[in-house]
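In this note's numbering, the protein residues as written are 217 to 667.
This report concerns only the one structure given below.
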């Protein structure tokens, strides 16, 4: 019955928001309370779990979100994001920009911490969107989704990738090479198919976008007569973007060193995402003070604080729903429904691995947990299967990517930071991850004869 109650809770949240226009925070709490009580947690434990879920998410990503949003606000008012978008448009043109951004997020800045990538990439994507036309935000939002989450499950040092490789004893070098190829191919095909659909009416700006424009964006836009066009002192673009790439370099270096057992206490400290983003914030703050002055810097910080509150609340409540689901035995029930058959044909084994991970992700709302649980189910019989572990590992990663939706705190963080509605997030995030999952599954199946 816990499976049925989980389905009801998730559907209730979606219907309350989309059909009845209930605020997402209220809808999520209602869904979490229903599931906790219906699944047998009891009244008191349900409420306690909701509070604990909110607190654990805040402990995990609260500072990351806050630092990231403040970095974005400061960079915007320095004109750094606008100048970088203009550079990309000159070099690539608007048609290639979504592919370049998605590929960079997957291969150049692989998803070690998806929350960090989102808070750093979303301002860039929003600024680039108008250059792509009326449905530009839909295309850029989908590109961010594909770039971040495909890298998370296929490209080292993504947490999902590392977890799968470790549990299935796949050599990290093999996972790095093959996973990167599968990841890049998946991203390019996903962005192509999704962009095709968006341009043909799949995306509706009136219902899929919030229409929210920050005060900083209004004041600093050339159309508004802002200061971007007349500012005389601006840092070199490479220096202006250092609050973005310095944290990414620190985080990536720390993760890679840890993956190869070469880390120590100093590299762990420097590579910690909280420290790395704080360093990025300090750099952005100092640059803003130098080139924008104290008054505009303080205004940027206030704008960032205002935006952060909304994002933190909805992200935390999304984490509450996930915590309530995790507090039940749903994962064990789902695991008991599947068995890995050592006598199954190769394609059937791939499909089973994909399906186990996909169902676990749909129910639990965590890509990494789904990947780890699926690997645990299949791992014991992997040696008996007539198939390469790398293929099974890629199939699990593909399945764990499937249809990220409302029981994940990332869904609500994405919605608020990309400034799309819940309906828009279901298209640019849930649909795109489902599309990428299916495309990557096909690629994995096509690779099977070579391993």
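Beta carbons: idealized from backbone N, C-alpha and C, even for Gly.
All of these numbers come straight from a predicted model, not from anything done at the bench.
Limits of the unbroken alpha helix (DSSP H) element including residue i
i           : result
residue 635 : Here residue 635 belongs to no alpha helix (DSSP H), and DSSP marks it neither H nor E.
residue 419 : Careful: residue 419 lies outside any alpha helix (DSSP H) and carries neither H nor E.
residue 514 : 510–543
residue 483 : 481–487
residue 217 : From DSSP, residue 217 is part of no alpha helix (DSSP H); its letter is neither H nor E.
residue 656 : 648–663
residue 576 : 562–580
residue 460 : 458–475
residue 612 : 605–616
residue 677 : In the structure as shown, the chain starts at 217 and stops at 667, and residue 677 therefore has no counterpart that could be examined.
From the options, residue whose alpha carbon lies closest to that of residue i
i           : options               : result
residue 451 : 666, 300, 667 and 516 : 300
residue 319 : 231, 335, 368 and 353 : 368
residue 291 : 519, 647, 663 and 537 : 519
residue 525 : 282, 394, 649 and 406 : 282
residue 217 : 253, 492 and 362      : 253
residue 238 : 664, 503, 287 and 637 : 637
residue 475 : 391, 317 and 506      : 391
residue 663 : 646, 241 and 395      : 395
residue 611 : 657, 626 and 414      : 657
residue 455 : 499, 261 and 344      : 499
residue 670 : 385, 401, 342 and 310 : This structure cannot settle anything about residue 670, because the visible part of the chain is limited to 217 through 667.
residue 645 : 488, 407 and 257      : 407
residue 463 : 340, 488, 481 and 472 : 488
residue 411 : 364, 360, 467 and 397 : 360
residue 576 : 609, 616 and 567      : 616
Nearest-angstrom beta carbon gap, residue j and residue i [assumed within contact, 8 angstroms]
i           : j           : result
residue 484 : residue 496 : Not quite, the Cβ-Cβ distance comes to about 18 angstroms (not below 8 angstroms), so this is no contact.
residue 362 : residue 652 : 6 angstroms
residue 621 : residue 226 : 7 angstroms
residue 197 : residue 293 : Residue coverage of the chain in this structure runs from 217 to 667, which leaves residue 197 outside it and unanswerable.
residue 565 : residue 528 : No, residue 565 and residue 528 are not in contact; Cβ-Cβ is about 43 angstroms, not under 8 angstroms.
residue 513 : residue 285 : Not a contact, Cβ separation roughly 15 angstroms.
residue 628 : residue 534 : 4 angstroms
residue 315 : residue 540 : Contact doesn't hold; Cβ gap of about 39 angstroms is too wide.
residue 289 : residue 624 : At roughly 25 angstroms, the Cβ-Cβ gap does not stay under 8 angstroms, so residue 289 and residue 624 are not in contact.
residue 591 : residue 383 : 4 angstroms
residue 593 : residue 459 : Not really, about 42 angstroms apart at Cβ, beyond 8 angstroms.
residue 584 : residue 379 : 6 angstroms
residue 366 : residue 393 : That belief does not hold up - the Cβ atoms of residue 366 and residue 393 are roughly 16 angstroms apart, past 8 angstroms.
residue 421 : residue 311 : Not really, about 19 angstroms apart at Cβ, beyond 8 angstroms.
Distance between residue j and residue i (C-alpha atoms, nearest Å)
i           : j           : result
residue 438 : residue 478 : In this predicted model, residue 438 has a pLDDT of only 37, less than 50, meaning its place in the structure is not dependable; the value taken from the coordinates is given anyway. Spanning the two alpha carbons is a distance of roughly 48 angstroms.
residue 532 : residue 273 : 6 angstroms
residue 448 : residue 295 : At residue 448, the pLDDT of 45 sits below 50, so the modelled position is not reliable and the matter cannot be decided from this model.
residue 388 : residue 579 : 29 angstroms
residue 375 : residue 337 : 19 angstroms
residue 549 : residue 321 : 35 angstroms
residue 377 : residue 330 : 13 angstroms
residue 186 : residue 416 : There is simply no residue 186 to check, as the chain begins at 217 and stops at 667 in what is shown.
residue 212 : residue 654 : No answer is possible for residue 212: the residues shown for the chain start at 217 and end at 667.
residue 443 : residue 508 : Low per-residue confidence applies at residue 443: pLDDT is 39, beneath 50, and the placement is therefore not dependable enough to give any value.
residue 403 : residue 313 : 13 angstroms
residue 587 : residue 571 : 11 angstroms
residue 223 : residue 358 : 25 angstroms
residue 246 : residue 229 : 8 angstroms
residue 265 : residue 634 : 28 angstroms
residue 348 : residue 356 : 9 angstroms
residue 589 : residue 543 : 15 angstroms
residue 270 : residue 494 : 22 angstroms
residue 446 : residue 298 : With a pLDDT of only 41 at residue 446, under the threshold of 50, the placement of this residue in the model should not be trusted, and no figure is reported.
residue 278 : residue 595 : 34 angstroms
residue 490 : residue 280 : 6 angstroms
residue 335 : residue 353 : 16 angstroms
residue 607 : residue 665 : 10 angstroms
residue 317 : residue 345 : 12 angstroms
residue 563 : residue 242 : 44 angstroms
residue 302 : residue 618 : 34 angstroms
residue 573 : residue 660 : 15 angstroms
residue 667 : residue 605 : 9 angstroms
residue 385 : residue 221 : 36 angstroms
residue 323 : residue 305 : 20 angstroms
residue 342 : residue 603 : 43 angstroms
Interface flag, residue i vs chain B, CB-CB below 9 angstroms
i           : result
residue 387 : This model lacks chain B altogether, as it is built from one protein chain only.
Task: Length-filtered (3 minimum) beta strand (DSSP E) runs lying within the stretch 261–342 - done: Segments of the beta strand (DSSP E) lying fully in the stretch 261–342: there are none.
Open item on the list: Restricting to runs no shorter than 4 residues, where is the alpha helix (DSSP H) found entirely within the stretch 362–399?
Closed with: Scanning the stretch 362–399 from its first residue to its last, the whole alpha helix (DSSP H) runs of 4-plus residues come out as 375–383.
Task: Start-end ranges of the alpha helix (DSSP H) lying completely within the stretch 230–259, minimum 4 residues - done: Counting only runs of 4 or more, we get 240–254.
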